[in-house]
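I have placed the structure first, in the form of structure tokens, so that the comments after it can refer back to it.
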Ligand code: FES
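In full-length UniProt numbering, the protein residues as written are 1 to 404.
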């Protein structure tokens, strides 16, 4: 600091100064020149000041109302999934937009209120300061506190209790609109779903859509066609559209890989079982979105297949040159989407774990420590690929109760 202001004040001298004097001293010490300063309402009981209070108050009040509306929608609006054509789908479809609109308006109103407050009540001021380096001395620290006090007083917030209450309440509620939805992510991963198994398993970490094979249902390896809803007579319909179809071994070329999903026999709507009026699309989408459902079907090249090493107890899990491994990385659960046919390596793009498809997908590089679980597969009497059973271990990353 290079100014000539006396900084050698004792604690007693500093204690004797008023806040105004300390604040003025602070600006001098910091080489701040106040070039222009004007109070917004220099005359007491100015009616314009009352109007300003009302305007700012309305904005904060709106912030509170929208935040309460958000919490009301979040807690009480019907949010359980409804499919196309089900009653209540229209009300359900409003859930997310309403959350977005009320949260946005709450934060926006609080923001407008804060901007209006600054424009209407904080004194207009232009100050210029020269830069300086080095650690702060006691006098600087004390004067900084005084300046902050001064700012608090000139903001007039201290005597505007109603506005301060509205601003504080609004800020807390607007903050809640961000924090409260996190509560919805807290789930019990061990709680079986009421109603039992479906293509997403029962919701626990131990099951997948393939677990249905245990219940005596034939589960095909479903190929994702990417089909979308079609427009008929002015509205979209999924009737007769199959997102998943059955596969035969010859559908995959040697050295190829395809992601497949569980397709229970009651949801099949292709080939000889096709009916144009059937509605299976939604069930197929649930299968595709099941968090532990995706499986990589790999067809090894014949020369490579002869070198394949089977895991003990899983010698019959493959069907000829076809191997099916869970796509969920055993590190922390990314999709291991890359298969390199030349080296027979499966690569997880998240942290570069590599798995050897010729050695029951055991990890050969990177942080993953367990092999990708293998799905037993075979072909049914009609020549379609099906699961010959469920995975014999949980898929995905480790969790506490796992033994391996
Ligand atoms: S999640 Fe696959 S390597 Fe980390």
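Note that CB positions come from ideal geometry on N, CA and C, so glycine has one too.
Can you grab the Cα-Cα spacing for the pair residue 250 / residue 318, in whole Å?
15 Å
Give me the Cα-Cα distance between residue 2 and residue 30, rounded to the nearest whole angstrom.
Residue confidence for residue 2 is low, a pLDDT of 47 falling below 50, so the modelled location carries little weight and cannot support an answer.
Three-state class that DSSP yields for residue 316 in the structure shown
coil
C-alpha gap between residue 391 and residue 234, whole angstroms:
44 Å
Looking at residue 366 and the ligand GTP, is the gap between the Cβ and the nearest heavy atom below 6 Å?
Absence of the ligand GTP is noted for the structure shown, with the ligand FES being the only ligands found.
Where do the N-terminal and C-terminal ends of the alpha helix (DSSP H) with residue 120 fall, by residue?
95-121
Range of the contiguous beta strand (DSSP E) that encloses residue 324:
322-326
Contacting residues, own chain, Cβ-Cβ under 8 Å from residue 136 (five flanking each side not counted)
144
State the Cα-Cα distance for the pair residue 264 and residue 207, rounded to the nearest angstrom.
15 Å
Between 129, 310, 107 and 119, which has its C-alpha nearest residue 53's C-alpha?
119
Among 283, 139 and 223, which has the Cα closest to the Cα of residue 15?
139
Pull up the DSSP beta-bridge partners for residue 224, would you.
244
Short of 8 Å in beta carbon distance, which residues of its chain neighbour residue 123, apart from the five on each side in sequence? Order them along the chain.
37, 38, 39, 40 and 154
Indicate the three-state DSSP secondary structure (helix, strand or coil) for residue 212 in the structure shown.
helix
Pick helix, strand or coil for residue 151, following the three-state DSSP scheme.
helix
Start and end residues, beta strand (DSSP E) containing residue 307
It is not in any beta strand (DSSP E) - residue 307 carries neither H nor E in the DSSP assignment.
Any heavy atom of the ligand FES closer than 6 Å to the Cβ of residue 332?
yes
How many angstroms separate the CA atom of residue 258 from the CA atom of residue 94?
36 Å
Please confirm whether residue 17 and residue 63 have their CB atoms less than 7 Å apart.
no
The ligand FES and residue 337: does any heavy atom of the ligand fall closer than 6 Å to the residue's C-beta?
no
Rounded straight-line distance, which links the Cα of residue 366 to that of residue 232
50 Å
Counted within 10 angstroms of its Cβ, other Cβ atoms place residue 50 as buried (16 or more) or exposed
exposed
Give me the residue from 273, 333 and 276 with the minimum Cα distance to residue 291.
333
Comparing the CB of residue 289 with every heavy atom of the ligand FES, is any distance shorter than 6 Å?
no
Verify whether the separation of the beta carbon atoms of residue 331 and residue 359 is less than 7 Å.
no
Is it the case that the Cβ atoms of residue 417 and residue 33 are separated by a distance below 7 Å?
With the chain covering 1 to 404 only, the question about residue 417 has no answer from this structure.
Please list the segments of the beta strand (DSSP E) lying wholly inside the UniProt domain "Rieske" (320-386), counting only runs of 3 or more residues, in order along the chain.
322-326, 338-340, 345-347, 354-356, 362-365 and 377-379
Which residues mark the beginning and the end of the beta strand (DSSP E) in which residue 124 is found?
124-129
Could you check if residue 130 is buried or exposed, using at least 16 other CB atoms within 10 Å of its CB as the buried criterion?
exposed
Residues of its chain near residue 339, where Cβ-Cβ distance is below 8 Å and the 5 sequence neighbours each way are ignored
257, 296, 298, 345, 346, 347 and 357
So, with DSSP's three-state summary, where would you put residue 2?
Confidence in residue 2 is poor, its pLDDT being 47 and thus under 50, which makes the residue's placement unreliable; the coordinate value appears in the next sentence. Residue state, collapsed to three classes: coil.
What do you get for residue 342, buried or exposed, if any count of 16 or more other CB atoms within 10 angstroms of its CB means buried?
exposed
Return no unless some Cβ of chain D is closer than 7 Å to the Cβ of residue 304.
Absent from the structure: chain D. Only one protein chain is present.
Grouping DSSP H, G and I as helix and E and B as strand, with all else coil, what is residue 285?
helix
State yes or no: is the C-beta of residue 385 within less than 7 Å of the C-beta of residue 379?
yes
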